[in-house]
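>
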Amino acid sequence: MALTHNVWAFVFGIMGNIISFVVFLAPVPTFVRICKKKSTEGFQSLPYVSALFSAMLWIYYAMQKDGSGFLLITINAVGLVIETIYIVLFVTYANKKTRVSTLKVLGLLNFLGFAAIVLVCELLTKGSTREKVLGGICVGFSVSVFAAPLSIMRVVVRTRSVEFMPFSLSLFLTISAVTWLFYGLAIKDFYVALPNVLGAFLGAVQMILYIIFKYYKTPVAEKTDKSKAVSDHSIDIAKLTTVIPGPISDSAVHQPPVIHNVPETQIQVTEVKSQNITDPKDQINKDVENQSQV
Numbered sequence: 001m002a003l004t005h006n007v008w009a010f011v012f013g014i015m016g017n018i019i020s021f022v023v024f025l026a027p028v029p030t031f032v033r034i035c036k037k038k039s040t041e042g043f044q045s046l047p048y049v050s051a052l053f054s055a056m057l058w059i060y061y062a063m064q065k066d067g068s069g070f071l072l073i074t075i076n077a078v079g080l081v082i083e084t085i086y087i088v089l090f091v092t093y094a095n096k097k098t099r100v101s102t103l104k105v106l107g108l109l110n111f112l113g114f115a116a117i118v119l120v121c122e123l124l125t126k127g128s129t130r131e132k133v134l135g136g137i138c139v140g141f142s143v144s145v146f147a148a149p150l151s152i153m154r155v156v157v158r159t160r161s162v163e164f165m166p167f168s169l170s171l172f173l174t175i176s177a178v179t180w181l182f183y184g185l186a187i188k189d190f191y192v193a194l195p196n197v198l199g200a201f202l203g204a205v206q207m208i209l210y211i212i213f214k215y216y217k218t219p220v221a222e223k224t225d226k227s228k229a230v231s232d233h234s235i236d237i238a239k240l241t242t243v244i245p246g247p248i249s250d251s252a253v254h255q256p257p258v259i260h261n262v263p264e265t266q267i268q269v270t271e272v273k274s275q276n277i278t279d280p281k282d283q284i285n286k287d288v289e290n291q292s293q294v
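Quick note: the sequence shown, position 263, residue 263 per this note's numbering, numbers continuous.
1. Note down, in chain order, each residue of its chain lying with its Cβ closer than 7 Å to the Cβ of Thr-40, except the 5 sequence neighbours on either side.
2. Are at least three pairs of beta-carbons, each pair with one atom in the region 190-201 and one in the region 39-56, less than 8 Å apart?
3. Quick check on DSSP: helix, strand or coil for Arg-160?
4. Only counting the same chain, and skipping five residues up and downstream in sequence, which positions put a Cβ closer than 7 Å to that of Thr-174?
5. Could you check if Met-63 is buried or exposed, using at least 16 other CB atoms within 10 Å of its CB as the buried criterion?
6. Taking 8 Å as the cut-off, does the region 131-149 touch the region 72-81 (at least 3 CB pairs, one atom from each stretch)?
7. Quick check on Ala-9: buried or exposed, where buried means 16 or more other Cβ atoms within 10 Å of its Cβ?
8. Output the distance between the C-alpha atoms of Pro-195 and Cys-121, rounded to the nearest integer angstrom.
9. Could you have a look at Glu-41 and say whether DSSP puts it in helix, strand or coil?
10. Can you tell me the Cα-Cα spacing of Ile-19 and Tyr-48, whole angstroms?
11. Secondary structure at Ser-142, three-state DSSP: helix, strand or coil?
12. Please classify Ala-177 as buried or exposed, where buried requires at least 16 neighbouring CB atoms within 10 angstroms.
13. Compute the Euclidean distance between the alpha carbons of Pro-280 and Gly-113, then round it to the nearest angstrom.
14. Would you say Phe-146 lies against chain C (beta-carbon separation less than 8 Å)?
15. Just to confirm the assignment: which complete beta strand (DSSP E) runs, minimum length 3, are found wholly within the region 50-131?
16. Assuming Glu-83 contacts Ala-55 under a Cβ cut-off of 8 Å, what Cβ separation, rounded to an integer in Å, is found between them?
17. With Met-15 and Thr-179 assumed to form a contact (beta carbons below 8 Å), what rounded beta-carbon distance in angstroms separates them?
18. Please state if the CB of Leu-108 and the CB of Ile-87 are separated by a distance shorter than 8 Å.
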């Protein structure tokens with residue numbers, strides 16, 4: 001096997017296998033939650049379907065190489081099994097609408113799409129040309145997958161919170177990208193090295209954002225908390241004015257009691273203010289939960 005003659009390629013390949021295996025296991029807590037609640041809640045299946053497709057592509061690409069693609073085959077074969085288990089669990093506990101949409105994407109991308117790529121490569125290309133065509137397809141798809149964390153970084157910048165971007169996941173993704181980058185350079189494979197340059201860069205940016213915003217407290221949030229406390233206090237006072245009667249005068253004996261009601265418009269304004277001071281994390285949580293799994 002040609003890989004054994006390149007010590008650095010073998011070392012980086014083994015390291016890449018180990019680190020990538022850890023990354024593949026990152027969604028396990030999510031699926032433990034899904035199994036316990038017997039519901040997929042607001043999670044999406046696209047990250048797992050696309051990860052399965054990526055593993056299939058890289059296995060097919062590595063099979064075109066003479067021995068040097070062995071370590072690419074091993075880790076992507078493991079990833080193929082793990083992602084298949086994720087998809088089976090997702091489909092099992094998803095509602096009917098989500099299950100149908102997941103199966104449609106799976107059929108179009110992982111079966112028809114992959115079959116079309118194989119047929120075109122087998123019928124229209126040969127030797128090094130086939131390797132180049134497959135390499136270009138793998139690079140294009142990998143770049144689109146690596147670009148997915150951009151939405152998470154946007155949420156971090158907007159909310160000044162790193163709650164939905166775990167540092168450990170960003171760290172392992174960065175180390176994995178750097179390792180496979182050096183592996184690609186060691187075996188002189190441009191198609192393996194190129195997408196991992198972007199992956200390493202985006203991973204580094206995520207960790208920098210984590211460090212910047214970890215202890216950051218926005219003045220807006222503090223002002224919101226104070227406003228909420230004042231609003232609640234005002235509501236209590238309004239309630240007390242309707243309950244505690246004023247002093248009874250002589251003239252009040254022959255007059256109907258005065259009812260100290262709070263105007264209806266004031267109550268509506270108070271309710272609107274109370275609704276506007278809700279925690280913004282509840283609004284973001286459902287959108288970001290689906291992307292913390294890559």
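Cβ coordinates follow ideal geometry from the N, Cα and C atoms, glycine included. Fair warning: this is a prediction, and the values are worked out from it, not measured in the lab.
Here's the rundown:
1. Ile-34, Phe-90, Tyr-93, Ala-94, Thr-98
2. no
3. coil
4. Ala-200, Gly-203, Ala-204, Met-207
5. exposed
6. no
7. buried
8. 21 Å
9. coil
10. 18 Å
11. helix
12. buried
13. Here Pro-280 scores only 48 on pLDDT, less than 50, and its place in the model should not be relied on; the value that follows carries that caveat. So the two alpha carbons sit approximately 39 Å from each other.
14. The structure shown contains no chain C; it is built from a single protein chain.
15. none
16. 6 Å
17. 5 Å
18. no
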